[in-house]
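> Chains as they are written, first to last, in this note's numbering: chain A, 358 to 691; chain B, 358 to 691. All residues carry an ideal CB built from backbone N, CA and C; glycine is no exception. My questions will all concern the structure given below.
2 protein chains.
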Amino acid sequence: MKSLSIKDIAVKANVSITTVSFIINGKAKEKSISEAVIEKVEKIIAESGYKPNQIARSLRTGNSNIIGLIIEDISNSFFSRIARLIEDKAYKRGYKIIYSSTENSVDKAKELINMFKSRKVDAYIISPIKGIEEDIQMLLDDGNPVILFDRNLPDLNVSYVGADHFNASYQSIQNFIDQGKKNIALVTTDINVEQIIERFEGYRKALEDNGITYNDELVVKVHFNQDEQTTINQVKDLFNSKNIDAVLFATNYLAIGGLKALKQINKKIDDDFAVIAYDDHEAFELHTPSISAVQQPLEEIAETIIKLILSQLASKSKSPVDQVIIPARLVIRD
Amino acid sequence: MKSLSIKDIAVKANVSITTVSFIINGKAKEKSISEAVIEKVEKIIAESGYKPNQIARSLRTGNSNIIGLIIEDISNSFFSRIARLIEDKAYKRGYKIIYSSTENSVDKAKELINMFKSRKVDAYIISPIKGIEEDIQMLLDDGNPVILFDRNLPDLNVSYVGADHFNASYQSIQNFIDQGKKNIALVTTDINVEQIIERFEGYRKALEDNGITYNDELVVKVHFNQDEQTTINQVKDLFNSKNIDAVLFATNYLAIGGLKALKQINKKIDDDFAVIAYDDHEAFELHTPSISAVQQPLEEIAETIIKLILSQLASKSKSPVDQVIIPARLVIRD
DNA sequence: CTGAAAGCGCTTACAG
DNA sequence: CTGAAAGCGCTTACAG
């Protein structure tokens, strides 16, 4: 069953394709099409259920009304919640989202960028990894709107939206110290991305500013993508071998694994031992006791991303570069 | 900066567009293009970084290599995990995913189907709601591959993949009864979708088969989309007014809200009071005590969906209708 | 007030 | 072994 084309409508209405096109695109008034013709054509369109072929429209106009979203992993709740907000806001402005997960692979990320490029997406929202700087630079050189989020690529002159990871991490550690903690551990990952590095630097700086010597042995860097059981074992080893009175988990999935480890070795979270997770998660409020967490302002991040995209889309000229850093919020529970 | 077209490559290589097209599409041998020409053209393509315009290709060939995914809400962990698996498997077969969330709105669902239609997606994966039967029937009439998942539309003769919600619910209740529970509550939602109805029927039938009278007052149906606090209050009311020794939460977000309510009224989960959540969630294993859950076989569901899609895409003729029901697994914790 | 025609970047049947 | 040309379904500058 072939679907209807603009030609079919034109024939049925006994007018030209041009006229139908003008009506579809709301240019009827501007082109002074007569009321009678407008009504006739609109009636036929409504009755037939005709939908313009967006592919043809894209080929002709050069834009697709699709925004490409490249993230690490859609099943990670931080990304899925951001994706939801972005989708919603984009949708309201007439844009659809194509997403794809990179799994932190440089090759896959490059492939995805190429794929989106050949699909002529109108804009790119990317949570990037190191190693794709060149590819992003090419997108910029070609005049594409590009917004990085969550993590920045400092070598690039590109728009970026993200939380203030350094300060949020710093405040978390300061909070521990204010409670009198001295042996503060950090469980983080070994991926070399901006936001993880900033969280580490916030940790280190807060210790330093409070006169506490940084101790390498209190920092565990787990491999990205390793299975949870391995992470759990590493955390157990850490707590079994060291005397620790507070720990910051640098991501929510690390915190989930870490809490399981603490449960298994029966390490109680109480006045003598404090925990903060970076990025909130539904499990934390529910946990006994409740777990404090750094909340990134997802709504604000998503809104800012979309605003920047739209303004870049609007300005046909060289896109302005905006770097927006949004404060994160430390939520202390219990 | 305009990107390169096939014509630019043809000019540079001093051959025709046709020849370049054959080479790009791997038909060089078949069309007996000479080795020398193939090499020359491939070299130029590689050097120039030329990527064929997929929009033009789609317009010409009529397919897009894009699969449309319509779900309730990407930020719900059940859907985001399924989305991740589907994306991954589709990607390996050369397909990309466009997704959109319906938020259980019939209007939005209809809009999304139209949007995907005008984008000429090659296939549709839909977690449907009642009220869009006609729209789906139109897709089927037009010969589009359509797979429903999670929830079925029984009035339609369409392929479907989902867990055996009835039996999983039945077994959960049977498990309670085997432990000697008598006053078994169900917290569910008021959305009129197949999988929620089946979970309810499983509950009711298990009670009946065990000679326990169904009691309307032990069933709470919360409004879809209401805020969590309202749900929490309803659950509190239920437990404050009734004597209950077991509860099945029909979705994982209801369980999250419900567990918060139980915590607030200090209702302990122990030998005298049992809880099962439908759909697992990271919070449940971590909870004190751990919460039992029905696990849907996500991997198998995603794999089956993709297999059906591919087989429908392959068979140019009338697509076969397969309804695949996959057993779910009750994981008892503690 | 309306239409004929070019062109977006491809694929492919046909011709040689 | 290779190419000219039609056509996918639109939009839009130009003409009348």
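The alpha helix (DSSP H) with lysine 593 (chain A) in it runs from where to where?
As a first step, residue 593 (chain A) is located in the first sequence; it is residue number 236 there, counting from the start. Counting along the chain, the alpha helix (DSSP H) containing lysine 593 (chain A) begins and ends at 585 to 598.
> For the putative contact between aspartate 602 (chain B) and phenylalanine 557 (chain B), defined by C-beta atoms under 8 Å, what is the C-beta separation to the nearest angstrom?
Start at 1 with the first residue of the second sequence, and residue 602 (chain B) comes out as number 245. Start at 1 with the first residue of the second sequence, and residue 557 (chain B) comes out as number 200. Not a contact, Cβ separation roughly 20 Å.
> Assign valine 377 (chain B) to one of two classes, buried (16 or more other C-beta atoms within 10 Å of its C-beta) or exposed (fewer than that).
On the second sequence, residue 377 (chain B) is found 20 positions in, with the first residue counted as 1. With 16 or more Cβ atoms within 10 Å of its Cβ, valine 377 (chain B) is classed as buried.
> At least one CB of chain B closer than 8 Å to the CB of serine 484 (chain A): is that the case?
The residue you call residue 484 (chain A) lines up with position 127 of the first sequence. Output row for serine 484 (chain A): interface = no.
> Could you say which of B:Ile486, B:Leu497, B:Tyr452, B:Ile663 lies nearest to lysine 474 (chain B) if we only look at CA atoms?
As a first step, residue 474 (chain B) must be located in the second sequence, where it is residue number 117. Cα-wise, what sits closest to lysine 474 (chain B) is B:Leu497.
> Are the C-beta atoms of alanine 631 (chain A) and some chain B residue less than 8 Å apart?
Within the first sequence, residue 631 (chain A) is the residue found at index 274, counting from 1. Cβ-Cβ to chain B under 8 Å: no for alanine 631 (chain A).
> Could one say the Cβ of proline 502 (chain B) lies closer than 8 Å to chain A's Cβ atoms, at least one of them?
The residue labelled residue 502 (chain B) in the question sits at position 145 within the second sequence. No, proline 502 (chain B) does not count as interfacial toward chain A.
> Assuming contact is defined by CB atoms lying nearer than 8 Å, are isoleucine 380 (chain B) and lysine 364 (chain B) in contact in what I supplied?
Reading the second sequence from its first residue, position 23 is the one you call residue 380 (chain B). Reading the second sequence from its first residue, position 7 is the one you call residue 364 (chain B). Contact: no.
> Decide if the segment 484 to 494 of chain A is in contact with the segment 422 to 438 of chain A; the criterion is three or more beta carbon pairs, one per stretch, under 8 Å apart.
As far as the Cβ criterion goes, the segment 484 to 494 of chain A touches the segment 422 to 438 of chain A, which means the pair count is three or higher.
> In this structure, how does DSSP classify aspartate 627 (chain A) when only helix, strand and coil are distinguished?
Numbered from its first residue, the first sequence carries residue 627 (chain A) at position 270. Strand.
> Per DSSP, which one or two residues make a beta bridge with serine 649 (chain A)?
Residue 649 (chain A) sits at position 292 when you count from the first residue of the first sequence. Paired residues: A:Ile633.
> Considering only residues of the segment 413 to 446 of chain A, which uninterrupted alpha helix (DSSP H) runs meet the minimum length of 4 residues and lie entirely inside it, listed in chain order?
none
> From the DSSP output, in three-state form, read off glutamine 680 (chain A) for me.
The sequence position of residue 680 (chain A) within the first sequence is 323, counting from 1. It is a strand residue.
> Going by the beta-carbon positions, is the gap between leucine 655 (chain A) and arginine 450 (chain A) smaller than 8 Å?
Reading the first sequence from its first residue, position 298 is the one you call residue 655 (chain A). Reading the first sequence from its first residue, position 93 is the one you call residue 450 (chain A). Cβ atoms of leucine 655 (chain A) and arginine 450 (chain A): not closer than 8 Å.
> Taking only the alpha-carbon atoms, compute the straight-line gap between tyrosine 571 (chain A) and leucine 605 (chain A) and give it to the nearest angstrom.
One-based indexing of the first sequence puts residue 571 (chain A) at position 214. One-based indexing of the first sequence puts residue 605 (chain A) at position 248. Cα to Cα, tyrosine 571 (chain A) sits roughly 14 Å from leucine 605 (chain A).
> How big is the Cα-Cα spacing for arginine 441 (chain A) and threonine 546 (chain B)?
Within the first sequence, residue 441 (chain A) is the residue found at index 84, counting from 1. Within the second sequence, residue 546 (chain B) is the residue found at index 189, counting from 1. The alpha-carbon atoms of arginine 441 (chain A) and threonine 546 (chain B) are separated by roughly 22 Å.
> Can you name, in chain order, every residue of its own chain whose Cβ lies under 7 Å from the Cβ of lysine 539 (chain A), other than the five neighbours on each side?
For this step, residue 539 (chain A) is matched to residue 182 along the first sequence. Hits under 7 Å: Ile569, Asp602.
> Considering threonine 608 (chain A), what are the terminal residues of the beta strand (DSSP E) in which it resides?
The residue you call residue 608 (chain A) lines up with position 251 of the first sequence. Element bounds for threonine 608 (chain A): n/a, residue is neither H nor E.
> Checking 8 Å against the spacing of the C-beta atoms, do serine 437 (chain A) and serine 432 (chain B) come in under that value?
The residue you call residue 437 (chain A) lines up with position 80 of the first sequence. The residue you call residue 432 (chain B) lines up with position 75 of the second sequence. Contact: yes.
> Near isoleucine 689 (chain A), which residues of its chain fall below 6 Å by C-beta distance, leaving aside the five closest residues on each side in sequence?
Start at 1 with the first residue of the first sequence, and residue 689 (chain A) comes out as number 332. So the list reads Ser649, once near-sequence residues are dropped.
> Inspect the CB distances between the segment 680 to 687 of chain B and the segment 514 to 530 of chain B and report whether three or more fall short of 8 Å.
yes
> If contacts are defined as beta-carbon pairs under 8 Å, then alanine 640 (chain B) and alanine 634 (chain A) qualify, I think. What distance do you get, rounded to the angstrom?
The residue you call residue 640 (chain B) lines up with position 283 of the second sequence. The residue you call residue 634 (chain A) lines up with position 277 of the first sequence. In fact, because the Cβ distance is near 13 Å, the residues do not count as touching under 8 Å.
> Is the Cβ-Cβ distance between isoleucine 626 (chain A) and asparagine 597 (chain A) less than 8 Å?
Taking the first residue of the first sequence as 1, we reach residue 626 (chain A) at position 269. Taking the first residue of the first sequence as 1, we reach residue 597 (chain A) at position 240. No, these two residues do not count as a Cβ contact at 8 Å.
> Taking the alpha-carbon of lysine 369 (chain B) as reference, which of B:Lys388, B:Val398, B:Lys386 has the nearest alpha-carbon?
Position 12 of the second sequence, counting from 1, holds the residue named residue 369 (chain B). Of B:Lys388, B:Val398, B:Lys386, the residue nearest in Cα terms is B:Val398.
> How about aspartate 346 (chain B) and threonine 608 (chain B): do their beta carbons lie closer than 8 Å?
Residue 346 (chain B) is absent from the model: chain B starts at 358 and stops at 691.
> How many angstroms separate the CA atom of glutamate 404 (chain A) from the CA atom of lysine 477 (chain B)?
Walking along the first sequence from the start, residue 404 (chain A) turns up at place 47. Walking along the second sequence from the start, residue 477 (chain B) turns up at place 120. Answer to the nearest angstrom: the Cα atoms are 21 Å apart.
> Which residue or residues does DSSP assign as beta-bridge partners of glycine 303 (chain A)?
Any question about residue 303 (chain A) goes unanswered here, given that chain A covers just 358 to 691.
> Compute the Euclidean distance between the alpha carbons of isoleucine 541 (chain A) and glycine 383 (chain B), then round it to the nearest angstrom.
Residue numbering aside, residue 541 (chain A) sits at position 184 when the first sequence is read from its first letter. Residue numbering aside, residue 383 (chain B) sits at position 26 when the second sequence is read from its first letter. As the crow flies, the alpha-carbon of isoleucine 541 (chain A) is around 59 Å from that of glycine 383 (chain B).
> Tell me the residue span of the alpha helix (DSSP H) that contains valine 398 (chain B).
Translated into positions along the second sequence, residue 398 (chain B) becomes position 41. Unbroken alpha helix (DSSP H) run through valine 398 (chain B): 392 to 405.
> Between which two residues does the alpha helix (DSSP H) harbouring alanine 385 (chain A) extend?
The residue labelled residue 385 (chain A) in the question sits at position 28 within the first sequence. Unbroken run through alanine 385 (chain A): none, as it is neither H nor E.
> In chain order, what residues of the segment 618 to 649 of chain B put their CB closer than 8 Å to some CB of chain A?
Lys620, His638, Glu639, Ala640, Glu642, Leu643, His644, Thr645
> Select from the segment 395 to 409 of chain A all residues with a C-beta closer than 9 Å to any C-beta belonging to chain B, and list them in chain order.
Gly406, Lys408, Pro409
> Just curious, the beta strand (DSSP E) that phenylalanine 506 (chain A) is in, first and last residue?
As a working note, residue 506 (chain A) is residue 149 in the first sequence. In the DSSP assignment, phenylalanine 506 (chain A) falls within the beta strand (DSSP E) that extends over 503 to 506.
> Suppose you measure from the CA of leucine 361 (chain A) to the CA of lysine 408 (chain A); what does that come to, to the nearest Å?
Within the first sequence, residue 361 (chain A) is the residue found at index 4, counting from 1. Within the first sequence, residue 408 (chain A) is the residue found at index 51, counting from 1. Spanning the two alpha carbons is a distance of roughly 8 Å.
> Can you pull the chain B neighbours of leucine 616 (chain A), defined as C-beta to C-beta under 9 Å?
For the purposes of this step, residue 616 (chain A) is taken as residue 259 along the first sequence, with counting starting at 1. In chain order: Leu643.
> In angstroms, rounded to a whole number, what distance separates the CA positions of glutamine 411 (chain A) and isoleucine 412 (chain B)?
Position 54 of the first sequence, counting from 1, holds the residue named residue 411 (chain A). Position 55 of the second sequence, counting from 1, holds the residue named residue 412 (chain B). Each residue's Cα considered, the two are about 9 Å apart.
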